[in-house]
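Participant: This is the structure I have questions about; it appears just below.
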Amino acid sequence: MGKVVCVTGASGYIASWLVKLLLLRGYTVKATVRNLSDPQKVAHLMALEGADERLHLYEANLLEEGSFDSAVDGCEAMVYSLKTLAEKATWEFVEENGLDLVTLHPGFVIGPPLQPTLNLTSEAFLNLINGKELFSDGVYRYVDVRDVALAHILAFENPSASGRYCLVGRVTHSSEVRAILTESFPSLNLHAKSTENLPARPAYQVSKEKAKILGINFTRLEVSLKDTVECLKEKNLLSF
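So in the UniProt record's numbering, spot 14 of the sequence shown is number 14, and the numbers just go up one at a time.
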């Protein structure tokens, strides 16, 4: 049996890709989900290559003390999603207990979802395409979900990895995203917003140097957008 890694919230957008890539690299994965009896949460995970031999699913809930004990037992690493305050508390805990911790901070994550249903990130992407008011036009930091998942693995495999890593492939305005999509999918009939009354947004960049040290070569935005649209169409979540 190869190295064992625990992935919490494994049915999520990023976590599903992380499980997929870990299995492809020969890892044994102990993955937690909230409800093992929900096929929309587990079916796509069990269908992954290597799942029959090296994927073990556990039902766990943060509100139930001890529910993660079996999942983390025997693991060499654990991947967990944290909010800002929780991250701060975690840093304090690892410093007090001499543990190793690496945190990854992705921008607006795009890319093909593995789940069969629409998740919050994919829904936000559809709002951008449809020009809904729920999506605020402006400058965003985009990164491919596959790059984010791979970064988690590389951070574990690199003994020198430490601290916080920003994961951003490209910073651009949402109007440019629509322009790229229109070029790739002329029949998509995007709903462009007027930019006349938009406040000026400062242009900025996010350094990629620390992420590149891990071995990340960010996926081109054009590729991420194309793959996302094609995947959503295949899943009948987008029609044109």
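All residues carry an ideal CB built from backbone N, CA and C; glycine is no exception.
When DSSP builds the beta bridges, which residues end up paired with TYR142?
Facilitator: The partner list for TYR142 (beta bridge, DSSP) reads PHE108 and ARG170.
Participant: Give me, in chain order, the residues of the same chain whose beta-carbon lies closer than 8 angstroms to that of LEU22; leave out the 5 immediate sequence neighbours on both sides.
Facilitator: Counting only Cβ-Cβ distances below 8 angstroms, and skipping sequence neighbours, we find VAL5, VAL7, VAL29 and ILE153.
Participant: Tell me the rounded alpha-carbon separation between HIS56 and LEU214.
Facilitator: Approximately 28 angstroms, taken between the alpha carbons.
Participant: Among the candidates ASP100, PRO113 and ARG141, whose CA atom is the shortest distance from the CA of GLY107?
Facilitator: Comparing Cα-Cα distances from GLY107 to each of ASP100, PRO113 and ARG141, the minimum goes to ARG141.
Participant: Using DSSP bridges, identify the partner residues of LEU51.
Facilitator: Checking the sequence shown, residue 51 turns out to be Ala, not Leu. According to DSSP, ALA51 bridges with nothing at all.
Participant: Could you give the residue range of the beta strand (DSSP E) that holds ALA15?
Facilitator: Looking at the DSSP string, ALA15 is not in any beta strand (DSSP E); the run it does join, the alpha helix (DSSP H), is 13 to 24.
Participant: Alpha carbon to alpha carbon, what distance is there between VAL79 and GLY131?
Facilitator: In a straight line, the C-alpha of GLY131 is about 34 angstroms away from that of VAL79.
Participant: Tell me where the beta strand (DSSP E) around LYS30 begins and ends.
Facilitator: Residues 28 to 33.
Participant: For CYS6, which of helix, strand or coil comes out of DSSP?
Facilitator: In this structure, CYS6 counts as strand in the three-state DSSP scheme.
Participant: How big is the Cα-Cα spacing for GLU64 and LYS233?
Facilitator: Each residue's alpha carbon lies about 38 angstroms from the other.
Participant: State the Cα-Cα distance for the pair PRO113 and THR228, rounded to the nearest angstrom.
Facilitator: C-alpha separation (whole angstroms): 7 angstroms.
Participant: Taking 7 angstroms as the threshold (C-beta atoms), are TYR13 and THR103 in contact?
Facilitator: No, Cβ-Cβ distance for THR103 and TYR13 is not below 7 angstroms.
Participant: Taking the beta strand (DSSP E) that SER79 belongs to, which residues open and close that run?
Facilitator: The amino acid at residue 79 is misidentified as Ser; the sequence shows Val. It spans 77 to 79 - the beta strand (DSSP E) in which VAL79 sits, taken as one unbroken run.
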